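Those letters in the sequence shown? Residues 707 to 811, by the working numbering.
We put the CB at the ideal spot given by N, CA and C, even for glycine.
Just so it is clear, the structure is predicted and the values come from calculations on it, not from any experiment.
Down below is the structure, laid out as structure tokens.
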Amino acid sequence: MNVDELGKLIDSESTMMDLSRELWYCHQLSQLSTEDVANHKVELLRVLEALRDSHTQAFYEVTPRHFEHLKRFVEWLDKILHLFSQQETRDELREIRDVFRLNID
707 MNVDELGKLI DSESTMMDLS RELWYCHQLS QLSTEDVANH KVELLRVLEA
757 LRDSHTQAFY EVTPRHFEHL KRFVEWLDKI LHLFSQQETR DELREIRDVF
807 RLNID
């Protein structure tokens, strides 16, 4: 799976996905190569924004059994920050990360 494929898939989703679907996207995103992320930053941000928007509704479903999945996703978001040179984009990524961090901190 690559960024473009994930973008097409997320376009077919409801704006409010259930948590299991969000976690599937989190896993798929965290498996992306650094090269794919670096070469498709705009599309990646669009996917992450859609996921964030959904999670603002679904975070109530999070239980301790989901913490490890979310923690790995947050760590991945931290890991890719350096690929984005514009401060505004880095700030947006941090904001997205913080939405997913709400349940695990």
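Of the residues assessed, L799 falls on the buried side of the cut-off, its CB having 16 or more other CB atoms within 10 angstroms.
Excluding five sequence positions before and after A744, the CB atoms of its chain that fall closer than 7 Å to its own CB belong to L789, given in chain order. Taking every protein chain shown into account, the CB of F773 has fewer than 16 other CB atoms within 10 angstroms, so this residue is exposed. With the rule of 3 Cβ pairs closer than 8 Å, the stretch 760 to 767 does not count as touching the stretch 781 to 795.
Secondary structure in the stretch 757 to 789: no beta strand (DSSP E) run of 3 residues or longer lies completely within the stretch. If you ignore the 5 residues before and after L783, its C-beta comes within less than 7 Å of the C-beta of L799, I802 and R803, all in its own chain and listed in chain order. V709 is classed as buried because its beta carbon has at least 16 other beta carbons within 10 Å across all chains shown. DSSP places D717 in the uninterrupted alpha helix (DSSP H) bounded by V709 to D717. Between I810 and L757, the C-beta gap is not smaller than 8 Å, which leaves the two residues out of contact.
For H733, the secondary structure class from DSSP, reduced to helix, strand or coil, is helix.
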